[in-house]
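Residue numbers (our numbering): 5 to 74.
Here a beta-carbon is modelled for each residue, glycine too, at the ideal position from N, C-alpha and C.
Keep in mind that this is a model prediction, so the values were computed, not measured.
One structure is given here, and the rest of the page talks about it.
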Ligand SMILES: [Zn+2]
């Protein structure tokens, strides 16, 4: 049976009982921050900056019309 207390740090791959530490499953605060930064980076890649034409449809709606009902 595998030793479940020995896990791999998702960032650097070091093995240890990281779940017992303050930053589990990461081996250190540094590795946790690196992983968070990686995820934020992915998000920024997917979302494009807002442009004025994203809101163009709002101008064509009659006053009082909710976009939720269309
Ligand atoms: Zn690590």
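Annotation for residue 30 indicates a beta carbon within 7 angstroms of some heavy atom of ligand 1. Within its own chain, the residues whose Cβ lies closer than 8 angstroms to the Cβ of residue 39, once the five positions on either side in sequence are excluded, are 14, 15, 30, listed in chain order. In the assembly as shown, residue 36 is a buried residue. Its beta-carbon has 16 or more other beta-carbons within 10 Å. When secondary structure is reduced to three states using DSSP, residue 19 falls in the strand class. By the 16-neighbour rule on beta-carbons within 10 angstroms, residue 43 is exposed.
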